[in-house]
Amino acid sequence: MWSPVWLIVLPLLMAFISVVIKKQQYLLLNLSILLNLAVLYLAPQGMVIIGGFRPPFGISLNFDRYAFISLLLIQVLMLFATFIAGPLAKKYGTVLLVLLAGINGMLLTNDLFNLFVMIEVVSIASFIISTSNGKFTHTFHYLILASVGGVFFLLGAVMVYAYTGTLVVQGLFATLGQLPNAISLIPMMLIILGLAVELKLMPVGSWAKNIYGNSNVLTGPIFAAVLAPAFGFVFGRMMGEVVVLNPITGYTLLFMAIATFVLGELAAYRQKDLLKTLAFSSIAQSGLAIILFTLNLPFAAILLLINNALAKSILFWVATGVSTAYETSSMKGLRGVFYNHRILGITFSIASLSLVGIPLFLGFYAKVTAVMAIFTTGLIWIPVVILATAIIEGAYMMKWLLQLWSPAKEGHLASTEEVPEKREALNMTQIVAVCLVALILFVFGLVPQRVGRVLSVASQAEISQVETVAEGGGQ
Amino acid sequence: MHEVQKNDRSLWEVVGDYFRANSIWMKWYCTGCGAIEMPPTMTSRFDMEQLGMGPMATPRQADVLLITGYLSTKTLRRVIYSYEQMQDPKYVVGFGSCTLNGGIYYDSYATINQLDKYLPVDLYIAGCMPRPEAIMNSFGELIEMIKKGEAKGWKHYKENHEWYKANQMDSLGEVIIHDEFHE
Amino acid sequence: MTLMNFIYGFLAVLGAFVFQTSLTGINRKVTARLQKRRGPKWYQQFIDIFKAFSKSSITHGWVYDFGAIMALGGIAATVIFIPVAGMQAFPGLDNIFVISYVLAVGMLGMAMSAAGSGNPWASIGVSRALTNMLAYDIPFMVVVFTLIYQHNTGSVSELASIQQGVGILGWNFFKLPLGGIVSVIALFGMLGKKPFDSFIAPAEIASGPMVEYGGKQLGMMFTLHELMTFIEVSLILNLFFGGGETLLIYMVKYAILYTFTNIVSGVMPRFKIDQAVTFFYKVPLGLAFIQGLLVIYLGWGY
Amino acid sequence: MTMIFIFLGLSLLLSYVLSRKQPTLGAYFTIIASLAGLISVYLLRNSVGVTESFYYLNFQITTIGWYFAMILLTVYFTSAFFNPFWMDELIYPAAYNSLYLLSLVGTIGLFFAQDLMTLFICWETAVWSSMLIVQQGKSRQAAWVYFVISAIGSMSTLFAVLLTMYLSGTSEITGALTYFTTAPVAGALVFGAFILAGLTKIGIFPFHVWLPLAHGSAPHTFSPVLSGGLVKMGAYIAYLSVAVFPAYQVFGDSLKIQGVPLPIYGLMILGAASIVYGTLRAIQQEDAKRLLAYSSVANGGYILIGILMMDQMAFAGGLMHLLNHAVASAAAFLAIAAVAKRTGTTKMSELGGIIHRMPITYTVYLIAIISMAGIPPMGGFVSKWLIFQGLSEKGLILLATAAAFGSIGSYMYVFRPLSAVFLGQLAPKYEHIKEANPVMVTAMLILTAMSLLLGVLPNLVLKTIAKIQIELGINPIIVNGTATLTENGSVDMLQVFTVFGFGFLLILILFMVLPKSRRVGLMDTYTSAEFIHTPELLHYGHSFYAPFERLYEKWPSVLPLYKRMSMKLSELGEWAESFFFHPDPNRAVLWIVVVAIVVIIGGAQ
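Protein chains in written order, with this note's numbering: chain E, 167 to 641; chain R, 1442 to 1624; chain D, 100 to 401; chain C, 3 to 607.
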């Protein structure tokens, strides 16, 4: 009865119903998320085979701890995102349902081709959502890139099938590993490049700048806090189960990820626009997650993804709310706005401190875990790079915090007269919702080890493959 | 105009006068041409230091105010200001005829003719201009005066303050200050 | 610490004052002779000081007086610390740093008092005096560090007694000639002798810090100057010329050293303050460093 | 001990609540809270070695930690007296009060940290909470620079901490750090990363840039804490990295200069450079607070050199200088704050003659600077004396020269505010200002009394320092009654003070015997007989040391270097943005192809 299949079917079903009863699509959306949560809680873990065929032939879903954690995060954030986006979410109810179905499918599926289908579903849904800000050119660019990525992924999947005769994700690396290097190289590269578009990896993640940078209270959190971790988790699954890296692909991927991280932070450092800053910050953070997945350090990566998703969602809610209300997202225009919005300011501060990895917050635990984990690979220069880049990250996040809190002119004490006139950014219920997420983040920060214990189970589920790039690269 | 009569000095003053007589520090107010005679008096030919005399930088440190030559009314205000900044006991020496009776500027509307109307002059050195010999000679006189307690101009000035002020006002007039550079 | 210590201390201050003031008077005569004059009486300096005390005075507020008292008090205390021919009022308090920093109390007091008068020239003078101090003290300190390193003691009396007993060549001036030269040059700066006397330039800034003093405060400043001279010359004497085995030898050496500085300064022009700084940081500091490196790394002077 | 943290944690919440109701009330509460902290930490003096855990944070009481915590608490406590009077100037008073206590918790936690992770957590807490306070001052830029420079230090500490924990397998500070006796190469790396944090926080050249900015523009009540307190966190890190971390063993094989290993000597040279640089820059400043900030740079140099020496004298001097400088610097900043409260400015050329209206504040400032300049009989002298003795004993002549330069140079810069702010002509606009109010005066007098006490009876503190030295296994400073003895010199400050008092008394009698002086106005001064009616024109406060400043006014400053670096980073970001994150999808497709080709070609071989 309680099968994880419902996680895909239910939203899809609701989506169909919502086409019929348009007025209730918001209700249906929330209903399906809540039901999904119930399913998540009640469904037994394990491999689910659909249609009675055994794995190589039928479609199977892999509902393990890893999937559970990722699905839980996504459902919760989706719930909050739709709730806070309110009217906008109502308008896009059907699409959001499809998106949810797609994401759940992506995270659950145990079949490469299915994964491709789900990625396409998610992409299409996200194209539509991204149009909600009215900037169609940006969506078009995104569409082109995502399609190219999709094609690459499909090609990769096809080649994998051609070489191995199977598309089952679990344990695929074992089969692929037996292939000669030159043969496995190309499908692996295609799969990685295909995912790289959605992961905003360096040369191909350029769409994110404008999609994130012009986001509204719906798209920002959806992209940064739902889609980004979802694809992160998918990538993690791929790294754990499918992708076989040789030194060339491994190091290329590693360098791409590091470059994404460093250059993304640098680009964020120079931004004078709050949403663009957050956009580049997301790009950079996804680079960091990829570094960790590439080095086969899923535990740290999951922690990072969770911290990032929670923090980014808050940042985007506050940022888009404030910038919509004040009709600007520039540094100058938003100076001192938190004087008017203390609670939002505090949540924003908590989120940004956590994002930067300041102690007493979850981000710190994530950063420490990441660095400690990387030490075990023996690549000491990577922590150096990460920590050096963290200075830049801290620098721009703090710059924003200072700007948003203090209305003062440089060289003078702040006075209340310089504060921009108060406008309503988010209403009371929305603020309560944001605060709830902030509270979750804050509490996680207070009990990081307990969070860590829960997550380490998930990460162990992900590791089927033990070989890392570092070990491979060291040979 | 009161005259200072009493000459019974206390022991403290007698001792003090001995020191003061033997250590005469001067503030040269070099208003006119007479100042040219001071360097020879100071240097090796006449060497006034042998009498314990010497120039000082500020009126606070000086005992003697030396007015060397003609004194324009514009400068007079400054001279009085300087005099009042000096520490008691203090002595004024008028140098040259100009301080005595106006000298060659006797009919100028811009100079004063008689210094002792405005400040209590203890000693005049006549001449236009007095040579270093005359200066040394008259300072010898001043030393004797101080030693005997006869140089009492500063007391005189105190006791006849109104008279001096009236003369000064008469000559200078009241000043309205507009700003730092314009009176 | 007994009462006798304090009585000795008082006598030391008095003795230093009488000795140095007489010497100043004699040196005024020496200077006069240099300039082909007769010069004043040998006790002229006493007359000048007592005359200043005998006059009336003004005050510009409590800090003006307090500063003057603090200055002279600090200097008087420093005189008590100075070992003279092995004699000390308070044995064990003659560490070189103590002396040079207690000296600073006096200087700070004087600077405070002068600036408290509200006269900008006084402040300019103080600013020059402090700059001058920064100039001469660094080379001197380098030499002092070298001495302490070499003899492993910071006590002035010990440093003096180490040099005694082996004749003139036992003096640090001959053992560490570069350091000796540096410290004598620094002595000029300390004493404010030409060419390093720009901070009291009488015609330019109306005698600088002294500009507002008259009457008893002026007398105190003169006394202060005499005592300060005593401290500074004694310091150099003890550190580089072996101090004195007996009081008489000490006084003779002292007189010669002081007269020497006076004669030299009598024929000197005046440095601007920035020139003084550049000079001290070029020549004496360089020499001091060479001396220091020779002693510390090459072991010269043992 | 855990109770102290819990208490302070609760009181910071309480002060927030109180401040929301009435800011002044919350500010008064910070006084009480920090006093309670002070007393309770003082009571811990006999429980050295006690270990306590609070959740995942572990604390241990050590003598050195206790010593540092006492310094910090003193500064926090006395500065808190000023908080109530600045509440109306801040736009987030409640945040100020609670962050004030939070940064206090962070710093104390740092000193009592038993493991590296606790150390780092407390460190960062103190940094970001104080940064948010600095933000409420005059300059966002300052707060930002403070954070960035601190972040450099933080990240390098984090690196060191994690690497140490990874390599040694333990996080207990002593155990983890002593591991490196056997691994000198990694040790050198960890030492470098660790000490970097110390350098940034003490404000050692070239990381000093944040001090003048942050101290100069922080709220006036917080500048004393920054300079007197938070900077000392860096000193603690320096202490850990040279005393607990076996630095002298790790660098045992390196080239030695007068017995000091070259890397440590290099750090000392940095300390010397910051003494010289701080002094020179302080002389140039026009703003009293910035001047004091640069003096903190210079004094930080002394502290660093002293601690790195690890010997009998200079080490004791360095540790004592911490306290002396904290007390003196806090007092000086508070005095300037009191003046700023009454006049509204800290620019020296705009002030003058304040002594005639605020004599107690003046006295406080005077005693503070006497201590700061190291003139007896105040505390600063003893510590500088010890450092001098230590340096000259080892023959480290370059360092000693720098120390002497800083010491004599400090007369110049400390005298400047004394002269320009307090002495000189009183401007008519300040004719009616009053002395600081009794609460502020109390705080300042406490610090002044401490400065004096430390100067007269330094052994009160040196005893504790000797204990620390014994714990570290180095030759302790010898304390005998009131006398302080070292290998190459001794001093008895009580005697020095007595003799000084004797001299002062003699002259006072002389002064009293002589005829009384007549009081004249300030404007009645010698002006070459010119009439001047504007007191401001007769006040010498601008470009005080102009001839000296001219000698080095063209020297490059460090801040532009950082600005240029920041700009270069921005440019790099811009380049990355336009090159790799260009909105045109064609480029992205091109990049995909490029990567694909690279991988295929690379992989085919």
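Even for Gly, the Cβ is constructed at its ideal location relative to N, Cα and C.
Return the chain-ordered list of same chain residues with a C-beta closer than 6 Å to the C-beta of residue i, the five sequence neighbours on each side being excluded.
i	result
Thr-535(E)	Ala-466, Leu-469
Ala-390(E)	Ser-448, Lys-478, Phe-482
Pro-562(C)	none
Ser-21(C)	Gly-28, Pro-95, Ala-96, Asn-99
Gly-621(C)	With chain C represented from 3 up to 607, any question about residue 621(C) goes unanswered, as that position is not in the structure.
Arg-501(E)	Gln-569, Pro-573
Give the residues of chain C in contact with residue i, contact being defined as C-beta atoms less than 8 Å apart.
i	result
Gln-1609(R)	Within 8 Å Cβ-Cβ: nothing; Gln-1609(R) doesn't reach chain C, min ~14 Å.
Lys-371(D)	Pro-549
Asn-376(E)	Pro-585
By Cβ distance below 8 Å, which residues in the same chain neighbour residue i in space, the five residues on each side in sequence not counted?
i	result
Gly-156(E)	Because residue 156(E) is not part of the residues shown, which for chain E are 167 to 641, the question remains open.
His-358(C)	Leu-428, Leu-524
Arg-1486(R)	Pro-1573
Gly-1581(R)	Leu-1492
Could you list which residues in chain C have their beta carbon closer than 7 Å to that of residue i, in chain order?
i	result
Leu-229(D)	Tyr-413, Met-414, Phe-417
Output needed for residue i: all residues of its chain with C-beta closer than 7 Å, excluding positions within five of it in sequence on either side, in chain order.
i	result
Ala-35(C)	Leu-10, Ser-13, Ser-17, Leu-103
Leu-46(C)	Met-3, Ile-63, Trp-68
Val-214(E)	Ser-169, Pro-170, Val-171, Ser-226, Leu-227, Phe-229
Ala-115(D)	Val-178, Leu-326, Phe-329
Just the chain D side, please: which residues come within less than 7 Å of residue i by C-beta, in chain order?
i	result
Phe-1460(R)	Ile-146, Phe-149, Lys-150, Ser-153
Tyr-528(C)	Asn-218, Ala-305, Val-310, Glu-311
Gly-1457(R)	Ser-153
Asp-1529(R)	Lys-154, Ser-155
Check the Cβ of residue i against every Cβ in chain E and list those closer than 8 Å, keeping chain order.
i	result
Val-252(C)	Going along chain E, no residue has its Cβ under 8 Å from Val-252(C), so there is no contact; the nearest lies around 18 Å.
In chain R, which residues lie less than 9 Å from residue i when you measure between Cβ atoms?
i	result
Gly-138(D)	Asp-1488, Glu-1490, Gln-1491
Below 9 Å on C-beta distance, what does residue i contact in chain E?
i	result
Thr-127(C)	Ile-524, Pro-525, Leu-526
Note down, in chain order, every chain D residue with its Cβ under 8 Å from the Cβ of residue i.
i	result
Val-522(C)	Ile-157, Thr-158, His-159
Phe-513(C)	Asp-164, Ala-167, Ile-168, Lys-315, Met-319
Ser-1464(R)	Gln-143, Ile-146, Asp-147, Lys-150
Can you pull the chain C residues whose beta carbon is under 9 Å from the beta carbon of residue i, in chain order?
i	result
Pro-1500(R)	Tyr-528, Ala-531
key: Contact list for the region 308 to 324 of chain D against chain R, Cβ threshold 8 Å   = Met-309, Val-310, Glu-311, Tyr-312, Gly-313, Gly-314, Leu-317
request  = Decide if the region 340 to 350 of chain C is in contact with the region 232 to 245 of chain C; the criterion is three or more beta carbon pairs, one per stretch, under 8 Å apart.
outcome  = no
task = Taking only runs that begin and end inside the region 523 to 548 of chain E, name each unbroken alpha helix (DSSP H) of 4 or more residues, in chain order.
result = 528 to 543
message = Within 8 Å, do at least three Cβ pairs link the region 100 to 110 of chain D to the region 542 to 552 of chain C?
response = no
message = Counting beta carbon pairs with one atom in the region 558 to 578 of chain C and one in the region 122 to 131 of chain D, are three or more of them shorter than 8 Å?
response = no
query = With contact counted as at least three CB pairs below 8 Å, one residue from each stretch, are the region 408 to 428 of chain C and the region 213 to 223 of chain D in contact?
reply = yes
inquiry  = With three or more C-beta pairs closer than 8 Å as the rule, is the region 1507 to 1519 of chain R touching the region 1549 to 1556 of chain R?
reply    = yes
Beta strand (DSSP E) runs wholly inside the region 358 to 397 of chain C, at least 3 long, in chain order = none
query = Which whole runs of the alpha helix (DSSP H) in the region 538 to 604 of chain E are 4 residues long or more, in chain order?
reply = 547 to 571
task = Could you pull out every unbroken alpha helix (DSSP H) segment of at least 4 residues lying fully inside the region 313 to 386 of chain D, listed in chain order?
result = 315 to 339, 346 to 365
Ranges of the alpha helix (DSSP H) found wholly within the region 234 to 265 of chain C, counting only runs of at least 4 = 249 to 252
query = For the region 199 to 222 of chain C, which residues have a beta carbon sitting closer than 9 Å to at least one beta carbon of chain R?
reply = none
Selection of the region 426 to 440 of chain C by Cβ proximity to chain D, strictly under 9 Å = Gly-426, Gln-427, Leu-428
Entirely enclosed beta strand (DSSP E) segments - the region 315 to 352 of chain C, minimum 3 residues = none
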